[in-house]
Every structure is written in structure tokens, then in C-alpha cells.
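Here's the structure we're looking at; comments come further down.
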């Protein structure tokens, strides 16, 4: 049953890949994506340095959160099992080959998530601070 699901998933991905590569014109015509565009050039003239800096801060903060969140949840789960189990997590390590709770990496991932959250919530202040710092260093 799992082999059938794996083959079906692979075939769907390959079919989607071919449809996107070889049928791109049909998809554009079907969704009418070419309407309203008179020029092939995209203007970024109104985008200022501070706006680019804000976008970069949001992207970096999002990557910090996305990169560390799964590891943080895994370590939370292992720490919870260690606290709740009567034998601790050592009894389960032999049977299921679980890894030990790494409290250092657990703390690092929590701090990274917190920094990412603070950067997203205060992206404007961080961008202004970085922009002012850059202006001082240029002179």
C-alpha cells in the first residue's frame, strides 16, 4: 500500500512539473495573467532604501523562526517526555532510539525564535536604527 502511495505521489509531482514547464503558456492564458501589463519591465523606482531594509528584516526574521521552530518543538516534546515518564527518557532511548534532550540547543532555538519574533514585531524600529547606523559609518 505504501509503495502505491509513493508511486502515485511521484507521478503527480512529475505530471505537475511537466504541466508547469511545458504548459506555461496555456496556464497564463487560462488564468489571464498577461492582461494589464503594457511593459515587460518592472519599476522599483518608488522603493526606497529603508523599504528594502524593512523587507530584508522581515525575511530574515521569518527564516529565523521557520528554521528553529521544528527543532524547538522536538526538544519541547522530548523534555516533556523526560519530565513525565517514570523512568525518564533513558528508558525509552533503548526501545525507540530517541535522542537525548539537548538543553543548550533547546535554549539557542528558543532565543532565535524570540529574536525573530521581536524583529518581526519591531521591524520598522530595527530598520530605522540600522539605517541611521549605516549613515553614521558612511560619513
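In the numbering used here, the protein residues as written are 41 to 179. In this text, a Cβ means the ideal position worked out from N, Cα and C, and glycines have one as well.
Secondary structure of residue 87 (DSSP, three-state): coil.
Counting other Cβ atoms within 10 Å of its Cβ, residue 112 reaches 16 or more and is therefore classed as buried.
Between residue 101 and residue 160, the beta carbon gap of about 5 Å places them in contact (Cβ cut-off 8 Å). Looking at the backbone, the Cα of residue 51 and that of residue 44 are separated by about 10 Å. A straight-line Cα-Cα distance of about 32 Å links residue 55 and residue 109. When DSSP states are grouped into helix, strand and coil, residue 145 belongs to the helix group.
Counting other Cβ atoms within 10 Å of its Cβ, residue 90 stays below 16 and is therefore classed as exposed.
With contacts defined as CB atoms closer than 9 Å, residue 154 and residue 93 fail to qualify as a contacting pair.
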